[in-house]
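Per my numbering, the sequence shown starts with residue 316, numbered consecutively.
Cβ coordinates follow ideal geometry from the N, Cα and C atoms, glycine included.
Bear in mind that the values here come from a model prediction, so they are computed numbers and not experimental data.
A quick write-up on the structure given underneath.
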Amino acid sequence: MNKLLLILLLSITVSVNSQELNCNVIVNAQFTGNENFQIFKTLEKQLKEFVNTTKWTDKEYATQERIDCGIFINITEFNNSDSFNGTIQVQSSRPVYGSTYSTPIYNINDKDFAFKYVEFQNLLFNKNQFESNLISVISFHIYMVLGLDADSFAPNGGSEYLKQAQTIVNYSQQENAKGWKLEDGLQTRFALIDNLLSPTFKEYRTVMYDYHRNGLDIMSENPKKGKEEVSKAIQEFNAMNRRRPNSYLLRTFFDAKGDEIEQIYSDGPNVEITELIATLNRVAPMYSSKWRNIKF
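Written out as structure tokens, the structure reads:
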């Protein structure tokens, strides 16, 4: 009896103390010509442990609540000592209520990724202090994943995490690495979080909630109503697009959602799509080939 109680307590502890992420990390060094170097395998293993075992929030996550995500690092240059150049692709998804389907939430290809790393060095995150560009870039994207995931469940539910992403941007500007400053361009980490927290783009976070909670999450019980609510959510982008046409934020949304939107409206119960199609062609013309497939 005592052994059984101990096992139950241990299983509860494991569940309660589970970290926030279920993240697969891949480091690809094929373009360096030295992809079999042990340092790349060590980096991949250390990053996977760092991402999945660091406590990123004060919230307790049950095992089944962990956020599924993936980090793909493509190393293009390595000088055989400690300097790396490449890109980092970060994706995340969250389950849709009443189904086995997972919907994409975050899909970013960050091309400004240069860092220093010595094999087996400690990877530690500090909320208020710069440690390294490697830690800052990874941690920034993790807080973006956490923030947008929380926004999809509650109105502005991810504010705490998005503000931490902005804090990382602010203290990382002391270094000369690209992607942290205004002058680095319009599609950078600075631009992403600055736009996301700006009143100019306030509809983005509203859409994240309305699209998922009022739309996708009711689709298993009422497919037609769910499709109508997804359509209404997308049309909220009209106001944002009038203020700032062809914005980086809009592109990030449809990079994640383009295929999904095409699939939602290519089958199932008929809904009125005239205004939806007009909105999609207006705010995301780069995906017009997908919008032509929408028939329901």
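Measure the C-alpha to C-alpha separation of SER535 and LYS431 and round it to an integer number of angstroms.
47 Å
From LEU511 to LEU564, what distance separates their C-alpha atoms?
7 Å
Beta-carbon proximity list for ASN529, same chain, < 6 Å, skipping 5 on both sides
GLU544
Contact criterion: CB-CB distance below 8 Å. Does GLY500 meet it with respect to chain D?
Checking the listed chains, one finds no chain D in this structure; it contains a single protein chain.
Alpha carbon to alpha carbon, what distance is there between TYR524 and LEU320?
Low local confidence applies: a pLDDT of 35 at LEU320 is under 50, so the model's placement there is unreliable, with the coordinate-based value given in what follows. Using only the alpha carbons, I get a separation of about 41 Å.
In the DSSP assignment, the alpha helix (DSSP H) including LEU497 goes from what residue to what residue?
Unbroken run through LEU497: none, as it is neither H nor E.
Distance between beta carbons of LEU336 and ILE382, contact taken as under 8 Å:
5 Å
Give the secondary structure of PHE399 by DSSP, where H, G and I count as helix, E and B as strand, and everything else as coil.
strand
For ASN400, which residues from the same chain have a beta carbon less than 6 Å from its beta carbon, with the 5 sequence-adjacent residues on both sides left out?
THR391, GLU392, ALA429
I need the boundaries of the beta strand (DSSP E) containing ASP582, first residue and last residue.
Neither: ASP582 is in no beta strand (DSSP E) and is coded neither H nor E.
Restricting to Cα atoms, I'd like to know which of ARG504, SER513, PHE611, GLN361 is closest to ARG559.
SER513
Residues bridged to SER408 (per DSSP)
ASP383, PRO419
Nearest-angstrom Cα separation, counted from LEU439 out to ILE592:
47 Å
Proximity winner among GLN502, THR482, ILE508, relative to LEU463 (alpha-carbon distances)
ILE508
If I follow the unbroken alpha helix (DSSP H) through ILE549, where does it start and stop?
538-550
Can you give the Cα-Cα distance for LEU325 and ALA480, rounded to whole angstroms?
Because LEU325 sits at a pLDDT of 36, beneath the cut-off of 50, its placement in the model cannot be relied upon, and the point is left open.
Beta-bridge pairing of VAL342 - partner residues as DSSP gives them:
ILE388
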